Amino acid sequence: MKTIQQEEYRKLNKALYDLEDILECMGVKEFTLSHDKHDMKIDPTADNIDTELLLSFCKNIAQIHAAKFGPRLAA
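Each residue of the sequence shown is one higher than the last, beginning at 15 in the working numbering.
Next up, the structure:
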């Protein structure tokens with residue numbers, strides 16, 4: 015995994031909190047994105063969930079994460 019600067023980490027951390035707010039509005043209860051774990055839990059009671067959009071969005075986020083930090087390690 016590449017080493018990132020403290021300022022870069024701060025910006026990434028803020029972006030992830032912003033992303034959490036956006037995903038919550040889209041019906042996502044939990045979203046985990048780390049080097050060794052990617053997980054998403056959707057609220058089944060939320061209205062108008064576009065699962066196709068969510069899955070595409072999360073796939074793109076995972077690709078960005080892999081480009082930044084390297085490919086996900088197999089468990």
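The beta-carbon is built from N, C-alpha and C at its ideal position, and this holds for glycine as well. All of these numbers come straight from a predicted model, not from anything done at the bench.
(request) Mind checking which residues open and close the alpha helix (DSSP H) that includes aspartate 90? (result) This structure gives no information on residue 90, because the portion of the chain shown stretches from 15 to 89.
(message) In this structure, how does DSSP classify threonine 46 when only helix, strand and coil are distinguished?
(response) Note: threonine 46 maps to strand in three-state DSSP.
(request) Would you mind sorting leucine 37 into buried or exposed? The rule is 16 or more other CB atoms within 10 Å of its CB. (result) Per the 10 Å Cβ criterion, buried.
(request) From the DSSP output, in three-state form, read off lysine 55 for me. (result) Lysine 55 sits in a strand when the DSSP states are folded into three classes.
(request) Return the chain-ordered list of same chain residues with a C-beta closer than 7 Å to the C-beta of cysteine 72, the five sequence neighbours on each side being excluded. (result) The beta carbon of cysteine 72 sits closer than 7 Å to the beta carbons of Met54 from its chain, once the five residues preceding and following it are set aside; these are given in chain order.
(request) Report the rounded CA-to-CA distance for isoleucine 75 versus lysine 25, giving the unit in angstroms. (result) Straight through space, the alpha carbons of lysine 25 and isoleucine 75 are spaced by roughly 16 Å.
(request) Could you tell me if alanine 88 is buried or exposed, where buried requires 16 or more neighbouring beta carbons within 10 angstroms of its beta carbon? (result) Only weak support is given to the placement of alanine 88: the predicted model assigns it a pLDDT of 49, under 50, and the question is left unresolved by the model.
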